[in-house]
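One gets my numbering by counting positions in the sequence shown from 1 and adding 4 to each. Positions of the beta carbon are idealized from the N, C-alpha and C atoms, including for glycine. Everything on this sheet refers to the single structure shown next.
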Amino acid sequence: MRADPPRLVAIDLDGTVLRSDGTISPRTAAALARIDQAGARFVFVTGRRPRHTVAVLEPFGYQGSVICINGALTYDMGTAALTGQQLISARDLARAAARLRRAIPGLGIAVEYADAQLWDGRYQHGAWGREESLPRLPDEQLFSRDAARLLGRHPSLSSDELLALAAPAAGDLVSVFHSGGLRLVEAVAAGVSKGSALAALAGRLGIAARDVAAFGDMVNDLPMLAWAGTSYGMANAHPAVLAAVDHVTGGNDEDGVAAVIERLFPDPG
Numbered sequence: 005m006r007a008d009p010p011r012l013v014a015i016d017l018d019g020t021v022l023r024s025d026g027t028i029s030p031r032t033a034a035a036l037a038r039i040d041q042a043g044a045r046f047v048f049v050t051g052r053r054p055r056h057t058v059a060v061l062e063p064f065g066y067q068g069s070v071i072c073i074n075g076a077l078t079y080d081m082g083t084a085a086l087t088g089q090q091l092i093s094a095r096d097l098a099r100a101a102a103r104l105r106r107a108i109p110g111l112g113i114a115v116e117y118a119d120a121q122l123w124d125g126r127y128q129h130g131a132w133g134r135e136e137s138l139p140r141l142p143d144e145q146l147f148s149r150d151a152a153r154l155l156g157r158h159p160s161l162s163s164d165e166l167l168a169l170a171a172p173a174a175g176d177l178v179s180v181f182h183s184g185g186l187r188l189v190e191a192v193a194a195g196v197s198k199g200s201a202l203a204a205l206a207g208r209l210g211i212a213a214r215d216v217a218a219f220g221d222m223v224n225d226l227p228m229l230a231w232a233g234t235s236y237g238m239a240n241a242h243p244a245v246l247a248a249v250d251h252v253t254g255g256n257d258e259d260g261v262a263a264v265i266e267r268l269f270p271d272p273g
């Protein structure tokens, strides 16, 4: 455990600060308030797109910045506006999708924007309740403009299996990862990750990596956890995360984030 409190705390949402019911516990809310009271900052860093991020953070009252879609977008909760975006070009979308389809037969493809998602004829509905049923589009419409994220879902392969196939097939065109979605592999623009977006945000704030603490649970959190000066994995985290972090805390249903923050930022009272 670090001796001095961090100046910036970066926190993943699903599987990390959110409980399994999709809420932030009263204990965690109180712990996050301590960060503000100490004059430090915290930021949420998520794979969700803005609409689905607002749905879980608005009841909590958060008004700051959120890094969304794995670093592709930065969204300001206070102004309800995008403040930054790094998109996959339409050309690279089409090229990456073609390679993924060749490498992984049966893969369905979806393309995601800040406010929408488009599917091809094979893409299957997943396990997340926030996914909508959408019209099926031909490739000329699917890849007609730059997008924040490319997704591929398979009828039977796991996310880990898909990532092992997708990274060598398209990793030179896009940044390939997974966030634990059901039979799902994902990609954002080349060079983009939670880590790169967090580094850019910290740079704008004049905060060095050594003064940042980060919490995560899934493979897509690894670049953020590697960049931060101190990293914490949840007890429920992917094995790759548990092997990489500096410290392991309790699970997301055990207020694991709150337990660390309470030690880093003791109650002044």
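Could you check which residue in Pro243, Ala239 and Ala94 has the C-alpha nearest to that of Val261?
Ranked by Cα distance from Val261, the first of Pro243, Ala239 and Ala94 is Ala239.
Just tell me which of Pro272, Ala94, Leu226 and Val70 has its CA closest to the CA of Gln145.
Ala94
Of all Cβ atoms in chain B, is any one closer than 8 Å to the Cβ of Ala248?
Among the chains in the structure shown there is no chain B, since it carries only a single protein chain.
Going by beta carbon distance, what residues of the same chain come within less than 6 Å of Gln90, once the five residues before and after it are set aside?
Ala76, Ala193 and Val196
Threshold first: 3 residues or longer. Then list the beta strand (DSSP E) segments lying entirely within the region 163 to 234, N to C.
178 to 181, 188 to 193 and 216 to 220
Tell me the residue span of the alpha helix (DSSP H) that contains Glu266.
Membership of Glu266 in the alpha helix (DSSP H) is indicated by the continuous run Gly260 to Leu268.
Between the region 175 to 192 and the region 202 to 219, are three or more C-beta pairs nearer than 8 Å?
no
Quick one: give me the first and last residue of the beta strand (DSSP E) that Glu116 is part of.
Gly112 to Glu116
Taking all protein chains shown into account, decide if Pro10 is buried (16 or more other Cβ within 10 angstroms of its Cβ) or exposed.
buried
With DSSP run on the structure shown, which of helix, strand or coil describes Thr253?
strand
On the DSSP bridge list, what partners appear for Gln89?
Leu77
What residue does the beta strand (DSSP E) around Gln121 start on, and which one ends it?
Gln121 to Trp123
Whole angstroms is fine: what's the gap from Pro159's alpha carbon to Glu62's?
A straight line joining the alpha-carbon of Pro159 with that of Glu62 spans about 34 Å.
Less than 8 Å between the CB atoms is what I'm expecting for Leu111 and Gly175, so what's the real figure, rounded?
Their Cβ separation, rounded to whole angstroms, is 16 Å, which puts Leu111 and Gly175 out of contact at 8 Å.
So, at 6 Å on beta carbons, what are the nonlocal neighbours of Ala101 in its own chain, with the 5 sequence-adjacent residues on each side left out?
Ile113
With a threshold of 16 other CB atoms inside 10 Å of the CB of Gly237, please say whether the residue is buried or exposed.
Residue environment analysis places Gly237 among the buried positions, since at least 16 neighbouring C-beta atoms fall within 10 angstroms of its C-beta.
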